[in-house]
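First the structure, in the form of structure tokens, and then the observations on it.
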Amino acid sequence: MPALENIDRSSLLALVEISREINSIQDTDELLSKILQIAMQTLAAERGFILLQAPETETGFVARAAQNISPEAIADIAHISSSVVRHTLSGGEAVIWHDSDLPEGLAKTESIIAHHIRSVACAPLR
């Protein structure tokens, strides 16, 4: 975990806002939507979704919140991006990759190219 002095002001403000929301919102879907909204604002992301573990599904997870992305695109991206999710879940730490940082196998997938994905951020919710 990073030392407090290494966390920028916008990240701290996002954490405070998420903490407030967690304590005030009772509906799970509404809460996940709000967390996604805050994360996207903090990261200046165009599109995003939250996946929750679902061992009974083919990929092992299911989308529960999304912004600016169609359900079909989520299914496609989630299937292709399962390696990113598994990496994050196994390591327990967030990853952020930009164009030049995307792992070779991920950068050339049909889904990444078709959806014009230039960056990937994935963080475990605990």
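Quick note: the sequence shown uses my numbering, first residue 148, plus one each step.
Think of the CB as a built atom: it goes at the ideal place given N, C-alpha and C, for glycine as much as any other residue.
Please go through the region 150–209 and give each complete alpha helix (DSSP H) segment of 4 or more residues, from N-terminal end onward.
156–171, 175–190
For the 8 Å Cβ check, are there 3 or more pairs between the region 169–184 and the region 201–210?
no
Got a sec, what are the start and stop residues for the alpha helix (DSSP H) H234 sits in?
The residue given as residue 234 occupies position 87 in the sequence shown. From DSSP, the alpha helix (DSSP H) with H234 extends over 229–238.
Candidates H245, L272, R273, I260: which alpha carbon is nearest S266's?
Here residue 266 corresponds to residue number 119 of the sequence shown, with the count starting at 1. Among H245, L272, R273, I260, the Cα nearest to that of S266 belongs to H245.
Can you name, in chain order, every residue of its own chain whose Cβ lies under 8 Å from the Cβ of Q184, other than the five neighbours on each side?
Within the sequence shown, the letter at position 37 stands for residue 184. Counting only Cβ-Cβ distances below 8 Å, and skipping sequence neighbours, we find Q214.
Rounding to the nearest angstrom, what Cα-Cα distance links P149 and V209 in this structure?
For the purposes of this step, residue 149 is identified with residue 2 of the sequence shown, where counting begins at 1. For the purposes of this step, residue 209 is identified with residue 62 of the sequence shown, where counting begins at 1. The predicted model places P149 with a pLDDT of 47, which falls under 50 and marks its position as unreliable, so this point remains unresolved.
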